[in-house]
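Residue numbers (the working numbering): 939 to 1177.
For each residue, glycine too, the CB sits at the ideal point set by N, CA and C.
Only one structure is covered here, and it is reproduced in the block below.
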Ligand code: HEC
Ligand code: HEC
């Protein structure tokens, strides 16, 4: 009996000590602007958390696609989201890997899955919580951000393809310098993009590293996320 009483006393003390050990000085700063839940925060939750904490699965009995669910006070880690105080919110501790074995999303050995949140994304979540963690009533109306060549695709291609497919000496006369040159295609393949129709765009086969006819198919393979962005760009009309 005495042991049990001691345990009951010690356990919360240990827990408090555990929390005190969380070093919040290392977490990325909130972004210095007003953030909007629907536009900025929901897409991060959707992309990185809902596969395990959404309508289908609720790992750790935690569900993030509803307000009630997302604001759960966890048994072991305090409030998941504490409005006004991002440095005391468990989701921030977790996405920064500050709690042992509880990095969220958990690391995965499958490439392209469960990528860590970027500093920018963590900064957005912090700013949202610090600004009051507003969550609009009713179903979320998702904002579909248009994918543009100038904003999304050009920087990606410049980095992944630019060394071989830029300027006058572009291999196979395929240049990634402008949307026009990408749409024009190369000397052997001709057009590789059909705007609005990903299924008829052989560029996606190339970017999946599956075009065995190319001299270096592996040099043409993009990470799944980037390939998905190119697919979106094509689906939206390749503008
Ligand atoms: C691949 C699956 C997966 C993804 C993706 C994922 N989680 Fe988790 N999460 C888990 C599992 C499994 C647990 C339970 C771990 C445990 O209790 O040991 C958990 C537990 C949690 C808990 C604790 C819940 C409680 O009541 O104890 C929080 C908070 C959490 N996750 C937040 C997040 C956030 C925020 C994201 C997205 C940035 C995320 N998770 C993405 C699998 C995932
Ligand atoms: C290391 C150099 C290199 C990189 C990097 C590279 N490619 Fe290539 N690519 C080639 C070579 C070599 C060919 C064959 C050219 C030929 O047939 O003369 C080629 C051919 C192509 C073709 C067919 C062109 C034609 O002949 O019609 C396309 C399309 C293409 N690449 C797209 C890309 C894209 C998109 C990327 C970036 C994700 C990329 N490549 C990255 C070297 C590269």
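At a cut-off of 7 Å, would you count residue i as near ligand 2, judging by its Cβ distance to the nearest heavy atom?
{"i": "residue 1176", "result": "no"}
{"i": "residue 1130", "result": "yes"}
{"i": "residue 990", "result": "no"}
{"i": "residue 1095", "result": "yes"}
{"i": "residue 1160", "result": "yes"}
{"i": "residue 1141", "result": "yes"}
{"i": "residue 1157", "result": "yes"}
{"i": "residue 1102", "result": "yes"}
{"i": "residue 1154", "result": "yes"}
Nearest to residue i by alpha carbon, out of the options?
{"i": "residue 1087", "options": "971, 969, 1167", "result": "1167"}
{"i": "residue 1048", "options": "1145, 1118, 1161", "result": "1161"}
{"i": "residue 1054", "options": "1033, 1062, 1116", "result": "1033"}
{"i": "residue 964", "options": "1095, 1037, 993", "result": "1037"}
{"i": "residue 1076", "options": "1006, 1164, 1151", "result": "1006"}
{"i": "residue 1142", "options": "1163, 1126, 1153", "result": "1163"}
{"i": "residue 909", "options": "1146, 1155, 986", "result": "As shown, the chain starts at 939 and ends at 1177. That puts residue 909 outside it, with no answer to give."}
{"i": "residue 1069", "options": "1019, 1083, 1042", "result": "1019"}
{"i": "residue 966", "options": "1094, 1099, 1095, 1063", "result": "1063"}
{"i": "residue 962", "options": "1035, 980, 988", "result": "1035"}
{"i": "residue 1029", "options": "960, 1122, 1118", "result": "960"}
{"i": "residue 978", "options": "1060, 1002, 1039", "result": "1060"}
{"i": "residue 1117", "options": "1012, 988, 1096", "result": "1096"}
{"i": "residue 1138", "options": "1154, 1108, 1121, 1153", "result": "1121"}
{"i": "residue 972", "options": "1008, 1071, 1155", "result": "1071"}
{"i": "residue 1155", "options": "1099, 1119, 1040", "result": "1099"}
{"i": "residue 1158", "options": "1094, 1136, 1128", "result": "1094"}
Would the C-beta of residue i count as close to ligand 1, meaning under 7 Å from any of its heavy atoms?
{"i": "residue 1012", "result": "yes"}
{"i": "residue 1113", "result": "no"}
{"i": "residue 998", "result": "yes"}
{"i": "residue 1125", "result": "no"}
{"i": "residue 1045", "result": "no"}
{"i": "residue 1033", "result": "yes"}
{"i": "residue 1029", "result": "yes"}
{"i": "residue 1052", "result": "yes"}
{"i": "residue 986", "result": "yes"}
{"i": "residue 980", "result": "no"}
{"i": "residue 1041", "result": "no"}
{"i": "residue 1018", "result": "yes"}
How many whole angstroms separate the CB atoms of residue i and residue j, which I take to be in contact at a CB cut-off of 8 Å?
{"i": "residue 1133", "j": "residue 1176", "result": "4 Å"}
{"i": "residue 1027", "j": "residue 982", "result": "Between residue 982 and residue 1027 the Cβ distance is about 14 Å, and since that is not below 8 Å, they are no contact."}
{"i": "residue 1081", "j": "residue 976", "result": "6 Å"}
{"i": "residue 1111", "j": "residue 1124", "result": "5 Å"}
{"i": "residue 1090", "j": "residue 1104", "result": "No, residue 1090 and residue 1104 are not in contact; Cβ-Cβ is about 18 Å, not under 8 Å."}
{"i": "residue 1025", "j": "residue 969", "result": "About 15 Å; that fails the 8 Å criterion."}
{"i": "residue 1146", "j": "residue 1165", "result": "6 Å"}
{"i": "residue 991", "j": "residue 1015", "result": "Not confirmed; about 14 Å, so no contact."}
{"i": "residue 980", "j": "residue 1078", "result": "5 Å"}
{"i": "residue 1085", "j": "residue 1148", "result": "About 22 Å separates the two Cβ atoms, so there is no contact after all."}
{"i": "residue 1130", "j": "residue 1144", "result": "7 Å"}
What are the residues that DSSP puts in a beta bridge with residue i?
{"i": "residue 1016", "result": "1012"}
{"i": "residue 1124", "result": "1128"}
{"i": "residue 1174", "result": "None; residue 1174 has no bridge partner."}
{"i": "residue 1059", "result": "According to DSSP, residue 1059 bridges with nothing at all."}
{"i": "residue 991", "result": "996"}
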